[in-house]
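All remarks here apply to the structure that follows.
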Amino acid sequence: MKDKVEGTALVAGGTIAGVSVSAIVGGMGLVGGFGGVAIGMAPVTAAGAVIGTAAYGAKKAIEEGDATAIGAVAGGAAVGVGVSAVVGGMGLAVGGTAVAIGAAPVVAAGAVVGLAAYGLKKLFDKS
105 MKDKVEGTAL
115 VAGGTIAGVS
125 VSAIVGGMGL
135 VGGFGGVAIG
145 MAPVTAAGAV
155 IGTAAYGAKK
165 AIEEGDATAI
175 GAVAGGAAVG
185 VGVSAVVGGM
195 GLAVGGTAVA
205 IGAAPVVAAG
215 AVVGLAAYGL
225 KKLFDKS
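Numbering of the sequence shown is given in the working numbering, commencing with residue 105 and proceeding in unit increments.
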C-alpha cells in the first residue's frame, strides 16, 4: 500500500507542477510545418502527470534493480525518433519569442513517456 500512496503522490505532484507552469508561463504554442497549435493548460498539466509517473517508474526500477525499465525507455526513445522524423522541425513559442525543437528533445520526451508507461505498470501491479 505504501508504494501506491507514494506513486499517487508523485503523479499528483507532477500534475500540480504542470498546472503551476501553465499558470505562470501563460500562453504557449507549438509551430512547425503543420502550422501553429496553441498549448493550453490541459496538455501542460498532462505533461506534468507524465513526468511524475516517470519519476515513480525510475524510483521503482532503481529500488528493484529492474532492467525492463531500460526497454521501456528505449522503446519510448524509438517512438520519439519516429515522431521527430515524421513531424520535422518545430519550435516552441512563448511570450513573443520562439525556441527551436530539434530531434534530441523529442527523443528525450519519448524516453520519458516510455518510463512513465513502466511507472504506470508498476503502480497498477497487484503485488
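Beta carbons: idealized from backbone N, C-alpha and C, even for Gly. From a predicted model like this one, the values you see are computed outputs, not experimental measurements.
query: Please report the distance separating the alpha-carbon of V203 from that of G131.; result: 14 Å
query: For V198 and G139, I'd like the C-alpha separation in whole angstroms.; result: 16 Å
query: When you compare each of A158, S188, G133 to V240 by their alpha carbons, which one comes out closest?; result: The first residue shown for the chain is 105 and the last is 231, placing residue 240 beyond what the model contains.
query: On the three-pair Cβ rule with 8 Å, is the stretch 179 to 194 touching the stretch 209 to 220?; result: yes
query: Determine whether the Cβ of G139 lies closer than 8 Å to any Cβ atom of chain D.; result: Among the chains of the structure shown, chain D does not appear; only one protein chain is present.
query: Evaluate S124 with the Cβ neighbour count: other Cβ atoms within 10 Å of its Cβ, from every protein chain shown; 16 or more gives buried, anything less gives exposed.; result: exposed
query: Could you have a look at M132 and say whether DSSP puts it in helix, strand or coil?; result: strand
query: State the beta-bridge partners of I237 as determined by DSSP.; result: Outside the shown range of the chain, which is 105 to 231, sits residue 237, and nothing can be said about it.
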